[in-house]
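The numbering used here puts the sequence shown at residues 1306 to 1515. Virtual Cβ for every residue (Gly too), placed ideally from N, Cα, C. In what follows, a single structure is set out as structure tokens and then discussed.
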Amino acid sequence: MRIVLLGPPGAGKGTMASGLKNVLNIPHISTGDLFRYNISHDTELGKKVKLILSSGDLVPDEITIDMVNERIKKDDSKNGFILDGFPRTINQAEALSNMIKLDYVINLVISEDEIIRRLSGRRVCLSNGHLYHIEFNPPKVDGIDDETGEELIQRDDDKPEAISNRLNVYNLQTLPLIDYYMKKKLIMNVDASLTPSEILSNTVEILKKS
Ligand code: AP5
Ligand code: MG
């Protein structure tokens, strides 16, 4: 099954994908996570995109498309994958349609107030990608990952100016994808204001029925 998770920053794409990948037994491919991995390992790609990510702008299409094209050719993606954060522009969607045939686009629907609450409270473990929220999903020990014992960080782009830039970028460049995929009859809307487990089980139900 080849799935795209669409939705504004902070809608819960990463949270949903970490549950859905176990249910469907296919890999979770997050372009944001791939960029952050390259940044933390100081690769050539990481050096190119570091400032772009911290500002909340989009990485140029060409770089992003090449990275995804390479990633989905890997063996683990043979039976499908969950794409989280890609595509984000019409150009990227067109490029993706030339790479593979998509089965579903799950669109996470959420209000802007809730997005801001989720992003400003998010904390992440850099080594295993675990997601926490200081209020909604706190770690057992404040500021420490439950598994690795490492310190949790706040993403640079979860600071207030970057959040508002990401929302603008989403509205200008990514929102048109809802119409684009609606016309292709691939969109399934999911209410992302519920709890993570409710969202996951609703999504699994929708996928079963279709
Ligand atoms: P990316 O990492 O994809 O960021 P994003 O789209 O802004 O989305 P987020 O990861 O911030 O949110 P999410 O929807 O995954 O929510 P999460 O599950 O973490 O991209 C980062 C940057 O990389 C971009 O700005 C761009 O520069 C670059 N980039 C990436 N892809 C690109 C592309 N295709 N083209 C060009 N550039 C690209 O949840 C958020 C918080 O809420 C967490 O704390 C979580 O615990 C909490 N939470 C989640 N669900 C719930 C719930 N149901 N109830 C309560 N709390 C919840
Ligand atoms: Mg994410």
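Apart from the 5 residues on each side of it in sequence, residue 1331 sits with its Cβ closer than 7 Å to the Cβ of 1306, 1384, 1385, 1386, 1387 in its chain, given in chain order. Residue 1309 sits close to residue 1410, with the two beta carbons spaced by under 7 Å. Inter-residue distance for residue 1347 and residue 1402 is about 31 Å (C-alpha atoms, whole angstroms). The Cβ atoms of residue 1509 and residue 1328 sit closer than 7 Å to each other. Straight across, the Cα-Cα distance linking residue 1460 with residue 1394 is about 23 Å. If you keep only unbroken alpha helix (DSSP H) runs of at least 4 residues inside the region 1322 to 1353, you get 1336 to 1345.
In this structure, 1415 is the residue among 1353, 1361, 1415 with its C-alpha nearest to the C-alpha of residue 1498. Not one heavy atom of the ligand MG sits closer than 6 Å to the Cβ of residue 1326. Residue 1505 places its beta carbon 7 Å or farther from that of residue 1315. Residue 1361 holds the alpha-carbon nearest to the alpha-carbon of residue 1468 among 1320, 1501, 1361. Residue 1456 is bridged by DSSP to 1449. For residue 1409, the uninterrupted beta strand (DSSP E) run begins and ends at 1409 to 1414, by DSSP. Following the DSSP letters along the chain, one finds residue 1487 inside the alpha helix (DSSP H) bounded by residues 1481 to 1488. In this structure, the ligand MG has no non-hydrogen atom nearer than 6 Å to the beta-carbon of residue 1454.
For residue 1481, the closest alpha carbon among the candidates 1392, 1368, 1421, 1326 is that of 1392. Residue 1321 is classed as buried because its beta carbon has at least 16 other beta carbons within 10 Å across all chains shown. The residue among 1478, 1432, 1500, 1514 with its C-alpha nearest the C-alpha of residue 1311 is 1478. Excluding five sequence positions before and after residue 1449, the CB atoms of its chain that fall closer than 8 Å to its own CB belong to 1455, 1456, 1457, given in chain order. DSSP places residue 1493 in no alpha helix (DSSP H) but in the uninterrupted beta strand (DSSP E) bounded by 1492 to 1496. The C-beta of residue 1369 has 16 or more other C-beta atoms within 10 Å across all chains shown, which makes the residue buried.
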